[in-house]
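Here the UniProt record's numbering is used: position 289 in the sequence shown is 289, and no number is missing along the way. For glycine and all other residues, C-beta sits at the position ideal for the given N, C-alpha and C.
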Amino acid sequence: MQKFAPSRLAVCALVLAAAAATAGAARRELQGAAGGAGAAILTGRPAEHGRWPYMVQLRAAAAVPRRSNTKGQFMCHGVLIQPDVVLTTMTCFHLSGRFPEARLGCTATNCTRHYESRQVVAAALHQGWDPSRPEKFLPEANLALLLLDRCSKKSCLRIPTVALPLNPGKSATILGWGATRWADTGVARALMQASLQLMPQSACNLLWRGLVPGNPWWRQPKAICGLTPGTGLCWDDNAAPLVLPGKKPAQDLLLGLGSASECTGWRGSGFTNVGYYRGWIRGGIRVLRGRVPAGAQYIVQRPDRR
Numbered sequence: 001m002q003k004f005a006p007s008r009l010a011v012c013a014l015v016l017a018a019a020a021a022t023a024g025a026a027r028r029e030l031q032g033a034a035g036g037a038g039a040a041i042l043t044g045r046p047a048e049h050g051r052w053p054y055m056v057q058l059r060a061a062a063a064v065p066r067r068s069n070t071k072g073q074f075m076c077h078g079v080l081i082q083p084d085v086v087l088t089t090m091t092c093f094h095l096s097g098r099f100p101e102a103r104l105g106c107t108a109t110n111c112t113r114h115y116e117s118r119q120v121v122a123a124a125l126h127q128g129w130d131p132s133r134p135e136k137f138l139p140e141a142n143l144a145l146l147l148l149d150r151c152s153k154k155s156c157l158r159i160p161t162v163a164l165p166l167n168p169g170k171s172a173t174i175l176g177w178g179a180t181r182w183a184d185t186g187v188a189r190a191l192m193q194a195s196l197q198l199m200p201q202s203a204c205n206l207l208w209r210g211l212v213p214g215n216p217w218w219r220q221p222k223a224i225c226g227l228t229p230g231t232g233l234c235w236d237d238n239a240a241p242l243v244l245p246g247k248k249p250a251q252d253l254l255l256g257l258g259s260a261s262e263c264t265g266w267r268g269s270g271f272t273n274v275g276y277y278r279g280w281i282r283g284g285i286r287v288l289r290g291r292v293p294a295g296a297q298y299i300v301q302r303p304d305r306r
């Protein structure tokens, strides 16, 4: 496995410092039912420009099989958790055709300027995710880490370092691009945000009963359930983040990534619990950077250069 030269890691550290300085100066100046979640937020509102700098648009680097005219199109979400690492879901990784373009700094869905473009050059996938299962869009093990070809200058989103108490009734923010109504087939014009309340797992298990028969995923800490009536994930909100906002972006904390929704806002939205998988995420970053060999928990993929 290739190891990165010290110069790259040093550059990443410099990028972090530069990004923090730039952000400080700016402040002073101032995508269904048992299926993949869709691309935007039901009854959301336009997101404040520049407030969520770690948001990543994953765009198809080439035409995706069985889908026409997808090259360069927005496909799904990711979040920047290290200057050169994006966290997303397994379903998003496959939906984007694998090794997509990552765009950072976009507010408009079809942004054409004032953004960073990076190419995904490697991926660490969770071996526990089984694409052959009918409930493959559900939260268990639905995670992928993407290595960028060079570091981003954008601020990174923090992930939990300890298991967090997910108290029912606590409010968090969901972010996403795309459909804002069940009947919509396109994406929204810009990034949307909405507040979502955390729910007890037992409540979502009851709401989803019969839709995913015999599946115990709501009874496990691997998933997070959120519901504010009429609000939630919609079509193409795959990997849309659930964030606990701080006073500024550097204090925001990632709780989960969108994995399941019925796009009605009445049954609850399902998220992969990032805090539960925090050890896997830390280890996967080390694997991608070539510091440790990939263990049994990781499937490492790189583009075919032939």
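Residue pairing by DSSP puts Thr228 in a beta bridge opposite Thr231. In this structure the segment 165-179 touches the segment 240-247; the number of beta carbon pairs closer than 8 Å is three or more.
Under the 10 Å beta carbon count, His77 is surrounded by 16 or more other beta carbons and is classified as buried. A distance below 8 Å separates the beta carbons of Ile224 and Asn273. Bridge partners of Glu116 according to DSSP: Leu104.
Per DSSP, Phe93 is not a residue of any beta strand (DSSP E); the alpha helix (DSSP H) it occupies stretches across 90-95. Within the segment 140-179, the runs of beta strand (DSSP E) at least 3 residues long that lie entirely inside it are, in chain order, 144-148, 171-176.
When rounded, the separation of the alpha-carbon atoms in Ser269 and Phe99 is 27 Å. Proximity of the segment 111-127 to the segment 195-203 falls short of the contact definition, fewer than three beta-carbon pairs being nearer than 8 Å. Check the Cα spacing between Ala194 and each of Asp84, Thr228, Leu164: the tightest is with Thr228. Within the same chain, Cβ atoms closer than 6 Å to the Cβ of Ala163 are found at Gly275, the five residues on either side in sequence being excluded.
By the Cβ-count criterion, His126 is buried, with 16 or more other Cβ atoms from all chains shown falling within 10 Å of its own Cβ.
DSSP, reduced to helix, strand and coil, places Gly258 within a strand of the structure shown. Taking the C-beta atoms as reference points, Glu101 is found no nearer than 8 Å to Lys222.
For Gly284, the uninterrupted alpha helix (DSSP H) run begins and ends at 278-288, by DSSP.
According to the DSSP assignment, Asn273 belongs to the beta strand (DSSP E) that extends over 269-273. Rounded to the nearest angstrom, the Cβ distance from Leu146 to Thr88 is 6 Å, consistent with a contact under 8 Å. Assignment of Leu206 by DSSP, reduced to helix, strand and coil, places it in the helix class. Beta-bridge annotation (DSSP): Ile299 is paired with Leu125. The Cβ atoms of Lys154 and Pro53 sit closer than 8 Å to each other. Contact between Val86 and Leu148 holds: CB atoms are separated by about 7 Å, below the 8 Å threshold. Rounded to the nearest whole angstrom, the C-alpha separation of Gln297 and Gly230 is 37 Å. Collapsing the DSSP output to three states places Pro241 in a strand. Note on Trp129: 16 or more other CB atoms within 10 angstroms of its CB, so buried under the neighbour-count rule. Counting only the Cα atoms, Arg45 lies some 18 Å from Trp266.
With fewer than 16 other beta carbons inside 10 angstroms of its own, Thr112 counts as exposed. Each of Arg189, Pro245, Ile159 was checked against the Cα of Trp280, and the nearest Cα belongs to Ile159.
Rounded to the nearest whole angstrom, the C-alpha separation of Leu104 and Met55 is 6 Å. Residue environment analysis places Thr109 among the buried positions, since at least 16 neighbouring C-beta atoms fall within 10 angstroms of its C-beta. CA-CA distance, Asp237 to Gly295, rounds to 30 Å.
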